[in-house]
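Scroll down for the structure; my scribbles are underneath it.
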Amino acid sequence: QENEIKCLTAEIERLKNSGCLGVSPSLEGLRDENARLKYRLNFLRKSLHEERSKGVKSMININSCLQEIFGAAIRAAYPDLENPPLVVTPSQQPKFGDYQCNSAMGIAQILLKRTEQKVSPREIAEKIVQNIPANECIEKVEIAGPGFINVHLRKDFVSKQLSSLLVNGVQPPAVGKRRKVVVDFSSPNIAKEMHVGHLRSTIIGDSMCRLFEFAGYDVLRLNHLGDWGTQFGMLIAHLQDKFPDYLTVSPPIGDLQAFYKESKRRFDTEEEFKKRAYQCVVMLQSKNPDFIKAWRLICDVSRKEFQKIYNCLDIALVERGESFYQEMMKDIVQEFEDKGFVQVDDGRKIVFVPGCSVPLTIVKSDGGYTYDTSDLAALRHRLYEEKADIIIYVVDSGQSVHLQTVFAAGQMIGWYDPKVTRVAHAAFGVVLGEDKKKFKTRSGDTVRLMDLLEEGLKRAMEKLKDKERDKVLSEEELRAAQTSVAFGCIKYADLSHNRLNDYVFSFDKMLDDRGNTAAYLLYAFTRIRAIARLATIDEEVLQKAAREEVVVLDHEKEWKLGKCILRFPEVLHKILDDLLLHTLCDYLYELATTFTEFYDTCYCVEKDRQTGHIVKVNMWRLLLCEATAAVMAKGFDILGIKPVQRM
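First residue of the sequence shown? That's 64 in the working numbering, and the numbers climb one at a time after it.
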């Protein structure tokens with residue numbers, strides 16, 4: 064590349080000296096040649112700089128590399144075209160190469176609109192191919208059909224990337240400068256138990272955080288608890304009646320759900336209690352110390368219950384409930400009033416947002432604030448105090464209209480520019496029972512999340528015992544496998560579905576060790592990890608081989624597996640963009656099945672058929688096993704799944 068830069072620089076100087084730069088239209092051919100040379104020079108300089116500055120900090124995204132190469136080729140071939148279409152995708156069939164550039168058809172349509180002259184997409188494809196800059200990844204290109212450009216990768220390039228992965232570990236994809244990400248997820252309500260409805264937000268939100276953290280972002284995981292509001296009036300009034308000495312003796316509230324139901328029943332049936340509950344709300348909002356203590360006691364009981372679930376699922380969160388934003392509400396209302404956005408309607412203060420069907424109510428007729436006010440305060444705090452570049456709300460689809468209105472209000476008042484700051488609602492559908500109706504218990508109640516997790520543990524142990532794993536695993540290994548399978552299967556069943564759709568919760572399906580399930584992938588992973596162990600090859604020998612051996616990719620199944628492993632950063636880049644985690648699950652399943660094809664065809668360890676003794680170890684194939692396992696382990700980590708070495 065350095066030599067080519069020198070040659071290109073000299074060629075541009077020659078054109079300058081011959082007076083062929085920026086001259087009359089009659090010398091169009093020379094100008095085009097100069098443009099092509101400049102594009103190629105800039106591309107080479109950029110790629111060389113990236114190669115030197117990159118080191119081992121990130122894995123190469125092959126699709127991005129090819130997009131840069133074809134982007135440079137298209138700009139060189141058609142320098143007058145603004146934002147030409149750039150379409151590079153992995154090939155679906157090996158006979159069409161490894162990747163395809165399908166830009167020629169789109170360019171043909173643009174040229175037809177502009178010049179009203181029909182240009183053959185195949186002719187365009189040929190021109191693009193002629194302008195492909197020097198690079199280290201493309202072996203050859205072929206033009207097929209109406210103008211598809213089939214790309215064949217160089218085997219030494221793929222082998223080199225696999226060696227880098229083995230030596231340096233699975234590194235994150237390159238994402239540019241480090242940015243601040245706030246993810247709002249889980250968000251249960253105080254005094255109510257977490258139910259299956261909270262499962263999706265908690266699992267999806269945690270996995271998104273893990274992905275952004277792996278990619279090198281500064282991530283703040285926020286739990287926007289429902290810890291403030293009028294319901295605390297009835298809870299505190301009931302606490303005063305049931306545990307009158309609560310200020311000096313910690314009340315033994317064992318079942319907060321039952322406590323909540325009792326207070327709600329009294330609120331609905333006892334007029335005197337209802338009046339007192341309203342007085343308690345006033346005392347709480349005026350920050351009376353006794354009432355603040357009662358509120359804290361109730362919150363603490365809930366917190367302990369929530370934490371049990373977070374511990375089971377290995378979820379880390381920073382609590383910042385609605386109470387955190389109470390002091391900011393007055394200023395939020397004032398800001399909207401000062402900018403002339405507030406209208407008074409029947410005593411309420413409302414804000415109409417252009418393009419939104421329902422106005423925001425920021426002050427109720429009784430002078431109280433609303434969810435709209437607290438959500439606006441939370442958005443402003445995340446933008447101005449947390450200085451977030453990306454804010455993601457992992458909240459069910461039912462809140463779409465509300466959140467889009469809050470986001471639009473934030474833009475309207477000038478808090479953020481969507482071209483600079485990304486504020487997104489990662490919506491999700493509901494969990495259904497096997498009857499395709501909302502998931503409930505037989506008595507029609509909402510399913511408690513803790514009951515669901517305990518049932519998962521029970522079923523996972525039954526499955527392991529059916530497979531007679533209890534006869535080969537120690538007690539400790541069996542327990543580790545149980546929790547890995549139980550919680551891994553619950554998480555994967557959710558994450559493997561497109562979050563925008565509803566999904567059917569079925570223990571039988573999620574614990575099936577066939578098909579695209581966590582059970583299948585966890586078993587596949589432990590089998591891959593066992594290959595080197597059974598060949599008595601230890602970690603040190605594998606690391607030495609990774610540094611010294613060439614990963615041979617001569618067999619078609621070796622080649623297919625090698626390319627599949629290296630698609631990992633490509634998959635992660637896509638999810639960072641669209642926040643659809645099922646893409647990672649689909650990829651891990653594809654990787655596991657591609658590995659099985661490879662392992663069934665290519666012997667990693669050859670044994671004597673009579674004695675069973677190891678005759679030969681094909682080290683490069685063991686390295687492919689290790690690379691597969693390393694990528695699967697990182698994929699599991701992003702999904703929040705803990706694999707075990709023995710199952």
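From the three backbone atoms N, C-alpha and C, an ideal C-beta is built for every residue, glycine too.
Please report how far the alpha carbon of Asn124 lies from the alpha carbon of Val613, in whole angstroms.
-> When only Cα atoms are considered, Asn124 and Val613 end up about 21 Å apart.
Quick check: the segment 675–694 against the segment 590–597, are there 3 or more CB pairs under 8 Å?
-> Taking a cut-off of 8 Å on C-beta distances, the segment 675–694 touches the segment 590–597, as three or more cross pairs fall below it.
Is Asp408 helix, strand or coil when you go by DSSP?
-> The answer is strand: DSSP assigns Asp408 an E or B state.
Continuous beta strand (DSSP E) stretch holding Asp281: start and end = For Asp281, the enclosing beta strand (DSSP E) stretches over residues 281–286.
Three-state secondary structure (DSSP) at Lys203?
-> The answer is strand: DSSP assigns Lys203 an E or B state.
Is the Cβ-Cβ distance between Cys648 and Tyr566 less than 8 Å?
-> Annotated as distal: Cys648 and Tyr566, with beta-carbon spacing of 8 Å or more.
Measure the alpha-carbon distance for Arg511 versus Gln320 and round it to whole angstroms.
-> Straight-line Cα distance between these residues: approximately 11 Å.
Does the beta-carbon of Ala521 have 16 or more other beta-carbons within 10 angstroms, so that it is buried, or is it exposed?
-> A small correction: the amino acid at residue 521 is Lys; Ala does not occupy that position in the sequence shown. Per the 10 Å Cβ criterion, exposed.
Considering Thr152, what are the terminal residues of the beta strand (DSSP E) in which it resides?
-> Following the DSSP letters along the chain, one finds Thr152 inside the beta strand (DSSP E) bounded by residues 151–153.
Do you know how far the Cα of Gly492 is from the Cα of Ala340?
-> C-alpha separation (whole angstroms): 35 Å.
Measure the C-alpha to C-alpha separation of Phe159 and Lys190 and round it to an integer number of angstroms.
-> Each residue's alpha carbon lies about 20 Å from the other.
Alpha carbon to alpha carbon, how far is Gly134 from Thr178? Give it in angstroms, no decimals.
-> Their Cα atoms are separated by approximately 22 Å.
Inter-residue Cα distance where the pair is Phe369 and Cys272 = Rounded to the nearest angstrom, the two C-alpha atoms are 19 Å apart.
Would the beta-carbon of Leu585 fall within 8 Å of that of Pro706?
-> Yes, Cβ-Cβ distance for Leu585 and Pro706 is below 8 Å.
Excluding the 5 residues preceding and the 5 following Ala692 in the sequence, name in chain order all residues of the same chain whose CB lies nearer than 7 Å to its CB.
-> So the qualifying residues of the chain are Phe588, Ile591, Arg592.
With 16 as the cutoff for other CB atoms within 10 Å, does Asn561 come out buried or exposed?
-> Burial call: exposed.
For His301, the first and last residue of its enclosing alpha helix (DSSP H) | His301 -> alpha helix (DSSP H) spans 294–305.
To the nearest angstrom, report how far apart Lys607 and Ala696 are at their CA atoms.
-> Each residue's Cα considered, the two are about 21 Å apart.
Measure the Cβ-Cβ separation of Tyr479 and Leu466 and say whether it is below 8 Å.
-> With respect to Leu466, Tyr479 sits apart: the two C-beta atoms are not nearer than 8 Å.
Which stretch, first to last residue, makes up the beta strand (DSSP E) that contains Asp247?
-> Unbroken beta strand (DSSP E) run through Asp247: 243–247.
For Glu256, which three-state DSSP category applies?
-> Coil at Glu256, not helix or strand.
Shorter than 8 Å from the beta carbon of Met271 to some beta carbon of chain D?
-> As a matter of chain content, chain D is missing from the structure shown, which is built from one protein chain.
Tell me which same chain residues have a C-beta within less than 7 Å of the C-beta of Glu202, skipping the five on either side of it?
-> Excluding residues up to 5 positions away in sequence, His215, Leu216, Arg217 lie with their Cβ nearer than 7 Å to the Cβ of Glu202 in the same chain.
Among Gly418, Val426, Cys419, Ser154, nearest to Glu400 - alpha-carbon criterion | Glu400 has its Cα closest to that of Val426, out of Gly418, Val426, Cys419, Ser154.
At what residue ranges does the segment 646–673 contain a whole run of the beta strand (DSSP E), taking only runs of 3 or more?
-> Whole beta strand (DSSP E) segments, 3+ residues: 668–670.
Please say whether Ala598 and Val668 have beta carbons closer to each other than 8 Å?
-> Yes, Cβ-Cβ distance for Val668 and Ala598 is below 8 Å.
Three-state secondary structure (DSSP) of Arg562 | In the structure shown, Arg562 adopts coil according to DSSP, grouped into three states.
If we call anything under 8 Å between Cβ atoms a contact, is Asp247 one with Leu288?
-> Using a Cβ distance threshold of 8 Å, Asp247 and Leu288 do not count as a contacting pair.
Among Glu145, Leu129, Leu558, Asn231, which one has its Cα closest to the Cα of Val192?
-> For the residues Glu145, Leu129, Leu558, Asn231, the minimum Cα distance to Val192 belongs to Leu129.
Give the single residue among Lys526, Leu149, Ile677, Arg263 whose Cα lies nearest to the Cα of Ile600.
-> If we check each option's Cα against that of Ile600, Ile677 comes out closest.
Where does Asn231 fall in DSSP's three states?
-> Helix at Asn231.
Please report how far the alpha carbon of Gln545 lies from the alpha carbon of Pro209, in whole angstroms.
-> Our two residues, Gln545 and Pro209, have alpha carbons roughly 54 Å apart in a direct line.
Using the beta-carbon count (16 or more within 10 Å), is Arg115 buried or exposed?
-> With a pLDDT of 45 at Arg115, under the threshold of 50, the modelled position of this residue cannot be trusted, and the question is left open.
Lys30 bridges to which residues according to DSSP?
-> Nothing about residue 30 can be reported from this structure: the residues present for the chain run from 64 to 710 only.
State the DSSP-derived secondary structure class of Asn213, mapped to helix, strand or coil.
-> Three-state DSSP puts Asn213 in a strand.
Rounded to whole angstroms, what's the CA-CA distance from Gly317 to Glu256? Just pull it up for me.
-> Near 12 Å, if we compare the C-alpha coordinates of Glu256 and Gly317.
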